[in-house]
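This report refers to the structure that appears directly beneath it.
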Amino acid sequence: MINSSFYKALEVTSEKELNEFAKKSKVSISKLKHYATENILPTKDDLIKIIQASNLSEIEFKLKLGIIDETILDAIKINSHKISNIICKDVKENIIDKVKVELVFNTDLGKLYNGDCISLMQQMQDESVDLIFADPPFNLDKSYESQIDDNLSKEDYIKWTEKWVLKCVDLLKPGGSLFIWNLPKWNTYISNILNKYLTFRNWIAIDIKYRLPIKNRLYPSHYSLLYYIKGDKSSIFNEQRVPLEVCRLCGGDIKDYGGYKHTLNTSGINLSDVWYDIPPVRHSKYKTRDSNELSLKLLERIISMTTKKGDVVFDPFGGSGTTYVVSEVLGRRWVGVEIGPVDCIINRFKEIESQKSFIEDIQKNKNILFTEKTRKIRIKHGHWLPEQIKQKNRSNPND
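Each position in the sequence shown, counted from 1, maps to that position plus 238 in the working numbering.
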(Lines of atoms letter the chains of each structure in order from A and count residues from 1; the text may use other names and numbers.)
(Lines give C-alpha, C1' and ligand atoms only; values in the text may rest on other atoms or scores of the structure.)
Protein backbone atom coordinates (compact mmCIF):
# COMPACT_ATOMS: atom_id res chain seq x y z
CA MET A 1 0.00 0.00 0.00
CA ILE A 2 1.91 3.04 -1.29
CA ASN A 3 -0.49 5.38 0.54
CA SER A 4 0.48 4.15 4.03
CA SER A 5 1.89 6.50 6.69
CA PHE A 6 5.27 4.83 6.36
CA TYR A 7 5.56 5.65 2.67
CA LYS A 8 4.11 9.12 3.18
CA ALA A 9 6.80 9.82 5.78
CA LEU A 10 9.44 8.88 3.20
CA GLU A 11 7.63 10.76 0.41
CA VAL A 12 7.41 7.55 -1.59
CA THR A 13 4.42 7.51 -3.96
CA SER A 14 5.19 4.72 -6.44
CA GLU A 15 6.98 1.40 -6.85
CA LYS A 16 9.68 3.19 -8.82
CA GLU A 17 10.32 5.65 -5.98
CA LEU A 18 10.32 2.74 -3.51
CA ASN A 19 13.05 1.01 -5.51
CA GLU A 20 15.07 4.21 -5.59
CA PHE A 21 14.72 4.71 -1.83
CA ALA A 22 15.75 1.10 -1.17
CA LYS A 23 18.97 1.68 -3.14
CA LYS A 24 19.62 5.01 -1.44
CA SER A 25 19.03 3.71 2.10
CA LYS A 26 20.50 0.24 1.51
CA VAL A 27 17.41 -1.28 3.17
CA SER A 28 15.82 -4.07 1.12
CA ILE A 29 12.46 -3.57 -0.58
CA SER A 30 11.01 -6.57 1.28
CA LYS A 31 11.91 -4.99 4.64
CA LEU A 32 10.50 -1.61 3.65
CA LYS A 33 7.25 -3.26 2.55
CA HIS A 34 7.06 -5.16 5.83
CA TYR A 35 7.53 -1.99 7.89
CA ALA A 36 4.89 -0.23 5.77
CA THR A 37 2.33 -3.03 5.97
CA GLU A 38 2.67 -3.40 9.74
CA ASN A 39 3.21 0.35 10.28
CA ILE A 40 5.98 -0.39 12.78
CA LEU A 41 9.28 1.26 13.60
CA PRO A 42 12.22 -0.36 11.75
CA THR A 43 14.95 -2.16 13.64
CA LYS A 44 17.71 0.10 14.95
CA ASP A 45 20.18 -0.46 12.09
CA ASP A 46 17.49 0.00 9.44
CA LEU A 47 16.09 3.02 11.29
CA ILE A 48 19.45 4.79 11.17
CA LYS A 49 19.76 4.11 7.42
CA ILE A 50 16.19 5.25 6.73
CA ILE A 51 16.33 8.55 8.66
CA GLN A 52 19.68 9.39 7.06
CA ALA A 53 18.33 8.71 3.57
CA SER A 54 15.13 10.70 4.24
CA ASN A 55 16.77 13.63 6.06
CA LEU A 56 14.35 13.18 8.96
CA SER A 57 15.13 13.14 12.66
CA GLU A 58 14.14 10.02 14.57
CA ILE A 59 11.48 11.96 16.51
CA GLU A 60 9.94 13.45 13.36
CA PHE A 61 9.88 10.04 11.71
CA LYS A 62 8.13 8.50 14.75
CA LEU A 63 5.58 11.29 14.79
CA LYS A 64 4.84 10.80 11.10
CA LEU A 65 4.21 7.11 11.81
CA GLY A 66 2.02 7.92 14.82
CA ILE A 67 4.43 6.18 17.18
CA ILE A 68 4.48 8.09 20.46
CA ASP A 69 6.65 6.56 23.17
CA GLU A 70 6.82 7.84 26.74
CA THR A 71 9.77 10.17 26.00
CA ILE A 72 7.88 11.90 23.19
CA LEU A 73 4.67 11.92 25.24
CA ASP A 74 6.40 13.67 28.14
CA ALA A 75 7.73 16.31 25.75
CA ILE A 76 4.24 16.80 24.28
CA LYS A 77 2.78 17.25 27.77
CA ILE A 78 5.37 19.88 28.66
CA ASN A 79 4.74 21.76 25.41
CA SER A 80 1.00 21.07 25.23
CA HIS A 81 0.00 24.75 25.05
CA LYS A 82 2.31 25.51 22.12
CA ILE A 83 1.38 22.29 20.31
CA SER A 84 -2.37 22.80 20.76
CA ASN A 85 -2.10 26.30 19.28
CA ILE A 86 -0.24 24.92 16.27
CA ILE A 87 -2.52 21.98 15.49
CA CYS A 88 -5.97 23.13 16.65
CA LYS A 89 -6.84 24.54 13.22
CA ASP A 90 -5.91 21.20 11.60
CA VAL A 91 -8.00 19.05 13.96
CA LYS A 92 -11.38 18.43 12.38
CA GLU A 93 -14.46 19.01 14.49
CA ASN A 94 -16.63 15.99 15.24
CA ILE A 95 -19.37 16.80 12.75
CA ILE A 96 -22.42 14.54 12.93
CA ASP A 97 -22.73 12.45 9.80
CA LYS A 98 -26.37 12.58 8.73
CA VAL A 99 -26.18 9.43 6.61
CA LYS A 100 -29.60 7.84 6.72
CA VAL A 101 -30.20 4.78 8.88
CA GLU A 102 -33.61 3.17 8.55
CA LEU A 103 -35.69 1.63 11.32
CA VAL A 104 -36.66 -1.73 9.82
CA PHE A 105 -37.97 -3.74 12.77
CA ASN A 106 -39.03 -3.19 16.34
CA THR A 107 -40.57 -4.98 19.31
CA ASP A 108 -41.86 -3.69 22.64
CA LEU A 109 -38.26 -3.89 23.89
CA GLY A 110 -36.04 -3.18 20.92
CA LYS A 111 -35.30 -1.38 17.67
CA LEU A 112 -33.33 -2.65 14.68
CA TYR A 113 -31.86 -0.25 12.14
CA ASN A 114 -30.38 -0.88 8.70
CA GLY A 115 -27.34 1.21 7.89
CA ASP A 116 -23.87 2.18 9.05
CA CYS A 117 -23.27 1.79 12.79
CA ILE A 118 -21.20 4.97 13.17
CA SER A 119 -23.96 7.03 11.55
CA LEU A 120 -26.50 5.61 14.01
CA MET A 121 -24.21 6.08 17.02
CA GLN A 122 -23.62 9.73 16.13
CA GLN A 123 -27.37 10.27 16.37
CA MET A 124 -27.85 8.40 19.66
CA GLN A 125 -27.84 10.12 23.04
CA ASP A 126 -24.55 10.03 24.94
CA GLU A 127 -24.45 7.92 28.11
CA SER A 128 -27.71 6.17 27.27
CA VAL A 129 -26.59 2.51 27.14
CA ASP A 130 -25.91 0.06 29.99
CA LEU A 131 -24.12 -2.64 27.98
CA ILE A 132 -22.40 -2.63 24.60
CA PHE A 133 -21.34 -5.84 22.90
CA ALA A 134 -19.42 -5.48 19.63
CA ASP A 135 -18.36 -8.20 17.20
CA PRO A 136 -16.81 -6.25 14.29
CA PRO A 137 -15.48 -7.71 11.02
CA PHE A 138 -12.01 -9.20 11.61
CA ASN A 139 -10.42 -7.82 8.40
CA LEU A 140 -9.68 -11.32 7.11
CA ASP A 141 -10.83 -10.64 3.54
CA LYS A 142 -14.06 -12.57 4.07
CA SER A 143 -17.14 -12.13 1.94
CA TYR A 144 -20.03 -10.59 3.88
CA GLU A 145 -23.62 -10.22 2.80
CA SER A 146 -23.20 -6.46 3.26
CA GLN A 147 -20.38 -6.33 0.69
CA ILE A 148 -18.21 -4.35 3.12
CA ASP A 149 -14.47 -4.16 2.46
CA ASP A 150 -12.96 -6.76 4.81
CA ASN A 151 -9.45 -6.33 3.46
CA LEU A 152 -8.35 -2.90 4.65
CA SER A 153 -4.75 -2.00 5.30
CA LYS A 154 -3.76 -2.44 8.93
CA GLU A 155 -3.59 1.34 9.32
CA ASP A 156 -7.04 1.94 7.82
CA TYR A 157 -8.64 -0.87 9.86
CA ILE A 158 -7.28 0.62 13.10
CA LYS A 159 -8.46 4.13 12.14
CA TRP A 160 -11.96 2.84 11.40
CA THR A 161 -11.91 0.81 14.62
CA GLU A 162 -10.98 3.84 16.69
CA LYS A 163 -13.98 5.76 15.30
CA TRP A 164 -16.61 3.26 16.39
CA VAL A 165 -14.82 2.37 19.64
CA LEU A 166 -14.75 6.02 20.78
CA LYS A 167 -18.46 6.37 19.93
CA CYS A 168 -19.11 3.33 22.13
CA VAL A 169 -17.28 5.12 24.95
CA ASP A 170 -19.57 8.15 24.48
CA LEU A 171 -22.75 6.04 24.50
CA LEU A 172 -21.91 4.05 27.64
CA LYS A 173 -23.47 5.11 30.92
CA PRO A 174 -21.22 5.56 33.99
CA GLY A 175 -20.87 2.09 35.46
CA GLY A 176 -21.82 0.50 32.13
CA SER A 177 -19.96 -2.40 30.53
CA LEU A 178 -18.30 -2.77 27.13
CA PHE A 179 -17.37 -6.13 25.59
CA ILE A 180 -15.47 -6.43 22.29
CA TRP A 181 -15.08 -9.79 20.54
CA ASN A 182 -12.18 -10.04 18.09
CA LEU A 183 -8.98 -11.84 17.23
CA PRO A 184 -6.23 -11.31 19.83
CA LYS A 185 -4.16 -9.39 17.25
CA TRP A 186 -6.79 -6.66 16.82
CA ASN A 187 -7.85 -6.54 20.45
CA THR A 188 -4.30 -5.53 21.44
CA TYR A 189 -4.83 -2.32 19.45
CA ILE A 190 -8.40 -1.85 20.71
CA SER A 191 -7.22 -2.30 24.29
CA ASN A 192 -4.61 0.41 23.72
CA ILE A 193 -7.43 2.79 22.68
CA LEU A 194 -9.75 1.87 25.54
CA ASN A 195 -7.09 2.11 28.26
CA LYS A 196 -7.19 5.90 27.83
CA TYR A 197 -10.95 6.17 28.42
CA LEU A 198 -12.36 3.20 30.36
CA THR A 199 -11.37 0.88 33.20
CA PHE A 200 -9.99 -2.52 32.25
CA ARG A 201 -11.67 -5.49 33.88
CA ASN A 202 -10.64 -8.61 31.94
CA TRP A 203 -9.11 -10.07 28.82
CA ILE A 204 -11.30 -13.16 28.47
CA ALA A 205 -9.99 -16.02 26.36
CA ILE A 206 -12.68 -18.08 24.62
CA ASP A 207 -11.21 -21.48 23.86
CA ILE A 208 -12.27 -22.06 20.24
CA LYS A 209 -9.84 -23.07 17.51
CA TYR A 210 -10.55 -20.61 14.73
CA ARG A 211 -8.13 -21.55 11.97
CA LEU A 212 -5.83 -24.33 10.81
CA PRO A 213 -2.30 -24.61 12.25
CA ILE A 214 0.22 -22.33 10.53
CA LYS A 215 3.82 -23.40 10.07
CA ASN A 216 6.33 -21.71 12.40
CA ARG A 217 3.57 -20.22 14.57
CA LEU A 218 1.69 -21.22 17.69
CA TYR A 219 -1.68 -22.78 16.94
CA PRO A 220 -4.31 -20.01 17.36
CA SER A 221 -6.95 -21.53 19.62
CA HIS A 222 -8.79 -18.68 21.31
CA TYR A 223 -10.85 -15.62 20.55
CA SER A 224 -10.36 -12.54 22.68
CA LEU A 225 -13.20 -10.88 24.57
CA LEU A 226 -12.29 -7.50 26.08
CA TYR A 227 -14.27 -6.39 29.13
CA TYR A 228 -14.17 -2.72 30.21
CA ILE A 229 -16.35 -0.55 32.42
CA LYS A 230 -16.97 3.20 32.54
CA GLY A 231 -15.76 4.59 35.83
CA ASP A 232 -14.24 2.81 38.80
CA LYS A 233 -17.12 0.47 39.56
CA SER A 234 -19.55 -1.59 37.52
CA SER A 235 -23.21 -0.74 38.10
CA ILE A 236 -24.17 -4.40 37.72
CA PHE A 237 -22.17 -7.57 38.22
CA ASN A 238 -24.23 -10.72 38.69
CA GLU A 239 -21.91 -13.56 39.63
CA GLN A 240 -21.96 -16.44 37.15
CA ARG A 241 -20.98 -19.98 38.13
CA VAL A 242 -20.39 -23.01 35.95
CA PRO A 243 -20.85 -26.75 36.62
CA LEU A 244 -17.89 -28.86 37.68
CA GLU A 245 -16.00 -30.24 34.69
CA VAL A 246 -16.42 -34.02 34.48
CA CYS A 247 -15.71 -36.87 32.08
CA ARG A 248 -18.18 -36.65 29.22
CA LEU A 249 -18.66 -40.46 29.14
CA CYS A 250 -18.58 -41.65 32.77
CA GLY A 251 -19.23 -38.39 34.66
CA GLY A 252 -16.12 -38.88 36.80
CA ASP A 253 -13.96 -36.08 38.21
CA ILE A 254 -11.35 -34.68 35.84
CA LYS A 255 -9.58 -32.91 38.69
CA ASP A 256 -8.83 -34.65 42.00
CA TYR A 257 -10.38 -32.59 44.78
CA GLY A 258 -9.25 -35.03 47.48
CA GLY A 259 -10.46 -33.95 50.91
CA TYR A 260 -11.75 -30.63 49.61
CA LYS A 261 -14.94 -31.89 47.96
CA HIS A 262 -17.01 -30.67 50.90
CA THR A 263 -15.77 -27.10 50.36
CA LEU A 264 -17.10 -26.86 46.81
CA ASN A 265 -19.96 -24.42 46.40
CA THR A 266 -23.12 -26.26 45.41
CA SER A 267 -23.93 -23.29 43.14
CA GLY A 268 -20.99 -24.22 40.92
CA ILE A 269 -17.42 -23.20 40.19
CA ASN A 270 -16.34 -19.55 39.97
CA LEU A 271 -16.24 -18.31 36.40
CA SER A 272 -12.65 -17.54 35.35
CA ASP A 273 -11.27 -15.41 32.52
CA VAL A 274 -10.77 -18.49 30.33
CA TRP A 275 -14.05 -19.88 28.97
CA TYR A 276 -13.91 -23.46 27.71
CA ASP A 277 -17.64 -24.01 27.43
CA ILE A 278 -18.64 -21.69 24.56
CA PRO A 279 -19.22 -23.90 21.51
CA PRO A 280 -19.11 -22.68 17.91
CA VAL A 281 -22.56 -22.53 16.31
CA ARG A 282 -22.85 -25.52 14.00
CA HIS A 283 -26.37 -26.89 14.51
CA SER A 284 -28.62 -25.86 11.61
CA LYS A 285 -31.43 -25.10 14.07
CA TYR A 286 -29.45 -22.17 15.50
CA LYS A 287 -27.16 -21.26 12.57
CA THR A 288 -29.00 -18.74 10.47
CA ARG A 289 -26.36 -17.48 8.03
CA ASP A 290 -23.18 -18.49 6.21
CA SER A 291 -20.92 -16.00 8.01
CA ASN A 292 -19.67 -16.59 11.56
CA GLU A 293 -22.43 -16.59 14.13
CA LEU A 294 -22.09 -16.15 17.87
CA SER A 295 -23.30 -18.61 20.45
CA LEU A 296 -26.50 -17.86 22.36
CA LYS A 297 -24.64 -19.11 25.42
CA LEU A 298 -21.95 -16.43 25.07
CA LEU A 299 -24.46 -13.58 24.91
CA GLU A 300 -26.67 -15.06 27.64
CA ARG A 301 -23.66 -15.07 29.97
CA ILE A 302 -22.53 -11.52 29.15
CA ILE A 303 -26.01 -10.00 29.34
CA SER A 304 -26.97 -11.89 32.52
CA MET A 305 -23.67 -10.97 34.18
CA THR A 306 -23.69 -7.22 33.53
CA THR A 307 -27.32 -6.08 33.23
CA LYS A 308 -30.73 -6.34 34.88
CA LYS A 309 -34.20 -6.41 33.33
CA GLY A 310 -35.05 -3.13 31.63
CA ASP A 311 -31.41 -2.12 31.01
CA VAL A 312 -30.40 -1.01 27.51
CA VAL A 313 -28.14 -3.26 25.41
CA PHE A 314 -26.53 -2.00 22.19
CA ASP A 315 -24.75 -4.04 19.51
CA PRO A 316 -23.34 -1.99 16.59
CA PHE A 317 -22.68 -5.02 14.37
CA GLY A 318 -25.96 -6.91 14.12
CA GLY A 319 -24.79 -9.91 12.12
CA SER A 320 -27.32 -12.67 12.72
CA GLY A 321 -28.97 -10.83 15.63
CA THR A 322 -27.86 -13.08 18.51
CA THR A 323 -27.44 -10.13 20.90
CA TYR A 324 -30.91 -8.83 20.12
CA VAL A 325 -32.64 -12.21 20.50
CA VAL A 326 -30.99 -12.90 23.87
CA SER A 327 -31.77 -9.36 25.08
CA GLU A 328 -35.41 -9.80 24.10
CA VAL A 329 -35.74 -13.15 25.86
CA LEU A 330 -34.05 -11.82 29.01
CA GLY A 331 -36.26 -8.73 29.18
CA ARG A 332 -33.61 -6.16 28.28
CA ARG A 333 -34.28 -3.20 26.04
CA TRP A 334 -32.05 -3.25 22.98
CA VAL A 335 -30.85 -1.19 20.03
CA GLY A 336 -29.26 -2.80 17.00
CA VAL A 337 -27.94 -1.94 13.58
CA GLU A 338 -26.73 -3.98 10.62
CA ILE A 339 -25.23 -2.54 7.45
CA GLY A 340 -26.10 -5.60 5.36
CA PRO A 341 -29.33 -7.56 4.85
CA VAL A 342 -31.44 -7.90 7.99
CA ASP A 343 -33.84 -10.65 6.88
CA CYS A 344 -32.12 -13.34 8.93
CA ILE A 345 -32.38 -11.21 12.09
CA ILE A 346 -36.08 -10.54 11.59
CA ASN A 347 -36.71 -14.22 10.83
CA ARG A 348 -35.09 -15.20 14.12
CA PHE A 349 -37.68 -13.14 15.97
CA LYS A 350 -40.44 -14.96 14.12
CA GLU A 351 -39.06 -18.19 15.61
CA ILE A 352 -38.11 -16.72 18.97
CA GLU A 353 -39.89 -19.43 21.00
CA SER A 354 -37.31 -22.05 19.99
CA GLN A 355 -34.51 -19.57 20.84
CA LYS A 356 -36.21 -18.87 24.17
CA SER A 357 -36.36 -22.58 24.98
CA PHE A 358 -32.65 -22.94 24.26
CA ILE A 359 -31.75 -19.92 26.43
CA GLU A 360 -33.91 -21.21 29.29
CA ASP A 361 -32.04 -24.51 29.06
CA ILE A 362 -28.74 -22.61 29.30
CA GLN A 363 -29.96 -20.84 32.44
CA LYS A 364 -31.18 -24.08 33.98
CA ASN A 365 -27.72 -25.60 33.59
CA LYS A 366 -25.64 -22.86 35.22
CA ASN A 367 -25.07 -21.78 38.82
CA ILE A 368 -25.20 -25.43 39.86
CA LEU A 369 -22.41 -27.89 40.63
CA PHE A 370 -23.84 -30.70 38.50
CA THR A 371 -26.48 -30.58 35.78
CA GLU A 372 -29.33 -33.10 35.90
CA LYS A 373 -27.75 -35.01 33.03
CA THR A 374 -24.41 -35.17 34.85
CA ARG A 375 -26.05 -36.26 38.10
CA LYS A 376 -27.70 -39.23 36.37
CA ILE A 377 -24.41 -40.34 34.86
CA ARG A 378 -22.57 -39.97 38.20
CA ILE A 379 -25.24 -41.95 40.04
CA LYS A 380 -25.01 -44.67 37.42
CA HIS A 381 -21.24 -44.95 37.83
CA GLY A 382 -21.14 -44.51 41.61
CA HIS A 383 -19.47 -41.09 41.78
CA TRP A 384 -19.94 -38.74 44.73
CA LEU A 385 -22.62 -36.05 44.90
CA PRO A 386 -22.65 -32.95 47.17
CA GLU A 387 -25.43 -34.23 49.42
CA GLN A 388 -23.50 -37.47 50.01
CA ILE A 389 -20.40 -35.55 51.12
CA LYS A 390 -22.47 -33.40 53.49
CA GLN A 391 -24.21 -36.49 54.94
CA LYS A 392 -20.85 -38.19 55.48
CA ASN A 393 -19.48 -35.10 57.28
CA ARG A 394 -22.52 -35.00 59.56
CA SER A 395 -22.09 -38.70 60.37
CA ASN A 396 -18.33 -38.44 60.95
CA PRO A 397 -17.69 -34.90 62.24
CA ASN A 398 -14.12 -35.77 63.34
CA ASP A 399 -13.03 -37.15 59.94
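C-beta: ideal position from N, C-alpha, C; glycine also.
These figures come from a predicted structure and were not determined experimentally.
Asked                                                                                                                                                                                         : Found
Where do the ends of the alpha helix (DSSP H) carrying Gly343 lie?                                                                                                                            : The sequence shown places Phe at residue 343, rather than the Gly named in the question. It is not in any alpha helix (DSSP H) - Phe343 instead sits in the beta strand (DSSP E) that spans Glu340 to Asn344.
Check whether the Cβ atoms of Leu509 and Val550 sit closer than 8 Å, and answer yes or no.                                                                                                    : no
So which of Gln361, Gln478, Met362 and Ile627 has the shortest CA-CA distance to Gly497?                                                                                                      : Ile627
For Pro412, which of helix, strand or coil comes out of DSSP?                                                                                                                                 : strand
DSSP beta-bridge partners for Thr437?                                                                                                                                                         : Ile467
Assuming Trp572 is part of the beta strand (DSSP E), what are its boundary residues?                                                                                                          : Arg571 to Glu576
Tell me which residue opens and which closes the alpha helix (DSSP H) that Tyr562 is part of.                                                                                                 : Thr560 to Val567
Compare the Cα-Cα distances from Trp622 to each of Gly489, Leu404 and Asp581 and report the closest residue.                                                                                  : Gly489
For Glu298, count neighbouring C-beta atoms within 10 Å of its own C-beta (all shown protein chains included) and say buried if the count is 16 or more, exposed if not.                      : exposed
Taking the C-alpha atoms as reference points, what is the distance between Lys411 and Gln593?                                                                                                 : 29 Å
CB Glu566 to CB Thr345, shorter than 8 Å?                                                                                                                                                     : yes
Using a Cβ-Cβ cut-off of 8 Å (strictly less than) and excluding sequence neighbours within five positions of Trp572, which residues of its own chain qualify?                                 : Leu347, Gly348, Lys349, Val550, Val551, Phe552, Asp553, Thr561, Tyr562, Ser565 and Glu566
Please go through the same chain and pick out, in chain order, the residues whose beta-carbon is closer than 6 Å to the beta-carbon of Asp364, but skip the five residues on each side of it. : Asp408
Around the Cβ of Tyr273, are there at least 16 other Cβ atoms within 10 angstroms (buried) or fewer (exposed)?                                                                                : buried
Pull up the distance between the alpha-carbon of Phe343 and that of Tyr435, whole angstroms please.                                                                                           : 33 Å
Is the segment 314 to 333 in contact with the segment 273 to 287, if contact means three or more CB pairs nearer than 8 Å?                                                                    : no
Would Ala247 pass as a contact of Leu303 if the rule is Cβ separation under 8 Å?                                                                                                              : yes
Please list, in chain order, all residues of the same chain as Lys264 whose beta carbon is under 6 Å from its beta carbon, the five residues on each side excluded.                           : Lys287
With a floor of 3 residues, list each beta strand (DSSP E) that falls wholly inside the segment 245 to 303, ordered by position along the chain.                                              : none
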